[in-house]
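Okay, structure first, notes after.
In the working numbering, the protein residues as written are 845 to 1524.
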């Protein structure tokens, strides 16, 4: 079903009240845990068939009463959460705590390297998406074993390796423009993308020196949100908006008219289906496997499903659970999934103009990833809301050592969007960091601590600037505002019941990505800077380029700069703006305090009046004993002068590039090829 007239990115703007609608997440298979779930105001309820139907009928009636089309397909406003920020050594052990294997475009396992190449156009043809398998030779170079064409209707999202099962799984999202239609607009005909109605999961047998062999092909209703591999179990989170066009309910319809229009509605019509190996659609989840929350204020007609697939068992059995209703955010931890929902509507014609009631409250629901299943564990709540910017909401939740940390806001109006922010409200919304912990005996997420985040007073707004982004790094968090002139605020979370704001970083979080390193060190990778960034020593760094800094954060109250460098000159970009996963950290194979970093970059050479450069893997060496930061020779995939601008925007999209280090070799995925550099 095509949503005619809906512009890309316009899903925060709805007719009538302009309600911003979210979506939800859920668990899959197995029991609900020990004993009955105690009732609290945030708890989820088992839906069953009658409850699921009643829930949707009530939401449709509420939508009609609010002046919205009652049964329109609602576009999810939730954004896929970013990768877990963790440091992994060459042996695969995590510095902070074990982290589940995440999907990515470039992976290695058992002497093999696997690469996902997204489709791209050439001067003569369009290359389809492909899965490449390559064997690592003794000198670290690669030898192609096989290359398989993938379904061209889908865009590869990432692959997982189930080493214990000798299988790999490829996830792909449906191209929203694949069946695009044109609509008349003020500027003439416009292309309107269709809400993603399906995603693909293809499973292959994988062994050293052999071509991946197709074993299972799934086509699942909904929008892919995220995935995890724990052991041999693959967990997939997706959301679905049912097509109820056969039950039209116009805006303003009475409750009696709604009941009449929905008299033939059945629970199975509300739930997503799955097609296995090209067969007929079958239920992905049943009403008896779903949860609802009566207090959820969202009017979104959404079903979010969490599916567990055992790749190590014969037949690859699966189990699902679902959450019916809208939500604000989704966080995938190492072995848990969190879903945040709101008790309040947000009013306004857009995200930036949305207003929350003064007494806003956010509910949080925890699901545990168990072998072959997902279990609903507990719910809790915090005062406040997660903010206005849909891209940021999921990033404001983070699990560490079993506790959930989240950043909430108490203001009715606030700021949204990429800096510089064009809409400024006075005063801006205050922010706080809060900590929730599961109480297994009561099946609740209890608030155990919190701290208000205080920012510098701004001449632009009344009071401090509003917090925009937060980066969690183990027992620390780093909060930043929209202003590049503001510092980054350091929060010490090592005592979860007593979190504290303890200091500032001498650089802006609005212009940097932060990566946690062992022993309390921190790596900051910026965007191109047009002003000196080393204010501590007063030495301007020129020419312009991407600033990189190694920070000694072992004492969070006294963070200092240990080493700095500038990558490239004006125009240099990194792939880290598109994905945190693009950075790969590896401990020196000989051990010790040396670590090596690789990430995709488009680097222009620091030569006067020159645009000469290359795209490939930028490489750094860090010495955490001496605090030294050095640049290593770059693995260049191609010279920028050798390709046309059109190719740069298509085949060589920086967001599709990945870098990977194994022992003394580095590999780089770019433009349909995998490059290698061995023996460094």
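Beta carbons: idealized from backbone N, C-alpha and C, even for Gly.
Note that the structure is predicted; figures quoted are calculated from it, not measured.
Name the two residues that bound the continuous beta strand (DSSP E) containing residue i.
| i | result |
| --- | --- |
| residue 1348 | 1344 to 1349 |
| residue 1059 | 1057 to 1065 |
| residue 1113 | No beta strand (DSSP E) contains residue 1113, which DSSP labels as neither H nor E. |
| residue 1048 | 1042 to 1049 |
| residue 1456 | No beta strand (DSSP E) holds residue 1456; DSSP gives it neither H nor E. |
| residue 1172 | Looking at the DSSP string, residue 1172 is not in any beta strand (DSSP E), and its letter there is neither H nor E. |
| residue 1243 | 1241 to 1244 |
| residue 1278 | 1275 to 1283 |
| residue 1399 | Counting along the chain, residue 1399 falls outside any beta strand (DSSP E), and DSSP gives it neither H nor E. |
| residue 1000 | 998 to 1006 |
| residue 1531 | Lying before the first or after the last residue shown, residue 1531 is absent from the chain, which here runs from 845 to 1524. |
| residue 1407 | 1404 to 1411 |
| residue 989 | 986 to 993 |
| residue 1077 | 1077 to 1084 |
Check whether the Cβ atoms of residue i and residue j sit closer than 8 Å, and answer yes or no.
| i | j | result |
| --- | --- | --- |
| residue 1072 | residue 1241 | no |
| residue 1150 | residue 1081 | yes |
| residue 1249 | residue 1227 | no |
| residue 1459 | residue 1409 | no |
| residue 1096 | residue 905 | no |
| residue 1417 | residue 1446 | yes |
| residue 1323 | residue 1297 | yes |
| residue 1332 | residue 1309 | no |
| residue 1442 | residue 1503 | yes |
| residue 1052 | residue 1000 | no |
| residue 1069 | residue 1174 | yes |
| residue 1221 | residue 1234 | no |
| residue 1203 | residue 1141 | no |
| residue 1178 | residue 1163 | no |
| residue 1143 | residue 910 | yes |
| residue 1312 | residue 1354 | yes |
| residue 1350 | residue 1414 | no |
| residue 1538 | residue 1346 | This structure gives no information on residue 1538, because the portion of the chain shown stretches from 845 to 1524. |
| residue 982 | residue 998 | no |
| residue 1516 | residue 1495 | yes |
| residue 1106 | residue 1147 | no |
| residue 1395 | residue 1439 | no |
| residue 984 | residue 1520 | yes |
| residue 1225 | residue 1207 | yes |
| residue 1117 | residue 1110 | no |
Taking its Cβ as the centre, do 16 or more other Cβ atoms sit within 10 Å of residue i, making it buried, or is it exposed?
| i | result |
| --- | --- |
| residue 1501 | buried |
| residue 1251 | buried |
| residue 1223 | buried |
| residue 1518 | buried |
| residue 1259 | buried |
| residue 1398 | exposed |
| residue 1320 | buried |
| residue 1523 | exposed |
| residue 1511 | buried |
| residue 1374 | At residue 1374 the pLDDT is 45, less than 50, meaning the model places this residue with poor confidence; the figure from the coordinates comes in the next sentence. Per the 10 Å Cβ criterion, exposed. |
| residue 1171 | buried |
| residue 1329 | exposed |
| residue 1284 | exposed |
| residue 1343 | buried |
| residue 891 | buried |
| residue 973 | buried |
| residue 1098 | exposed |
| residue 1434 | exposed |
| residue 1389 | buried |
Taking residue i as part of the alpha helix (DSSP H), name the residues at either end of that continuous run.
| i | result |
| --- | --- |
| residue 1532 | What the structure shows of the chain is the stretch from 845 to 1524, and residue 1532 is not part of that stretch, so it cannot be assessed. |
| residue 893 | 892 to 909 |
| residue 1234 | 1234 to 1237 |
Check your understanding: Which runs of the beta strand (DSSP E), 3 residues or longer, sit entirely within the region 1459 to 1524?
Key -> 1472 to 1483, 1502 to 1506, 1509 to 1514 and 1517 to 1521
Check your understanding: Are at least three pairs of beta-carbons, each pair with one atom in the region 1005 to 1016 and one in the region 947 to 961, less than 8 Å apart?
Key -> Yes: the two stretches touch, three or more of their Cβ pairs being nearer than 8 Å.
Point to revise | Those runs of the beta strand (DSSP E) which lie wholly inside the region 1315 to 1346 and span at least 3 residues | key: 1320 to 1325 and 1332 to 1336
Exercise for review: Mind the definition here: the region 1081 to 1090 touches the region 1054 to 1062 only if three or more C-beta pairs lie below 8 Å; say whether that holds.
Suggested key: no
Exercise for review: Return the chain-ordered ranges of every beta strand (DSSP E) run that is complete within the region 1200 to 1230 and spans a minimum of 3 residues.
Suggested key: 1205 to 1214 and 1217 to 1227
Practice item. Give a yes or no on contact between the region 1423 to 1431 and the region 1477 to 1487, applying the rule of three or more CB pairs nearer than 8 Å. Key: no
Practice item. Just list the beta strand (DSSP E) runs in the region 939 to 969, keeping only unbroken ones of 3 residues or longer that don't cross its boundaries, in chain order. Key: 950 to 953 and 956 to 961
Practice item. Taking only runs that begin and end inside the region 1125 to 1156, name each unbroken beta strand (DSSP E) of 3 or more residues, in chain order. Key: 1134 to 1136 and 1147 to 1154
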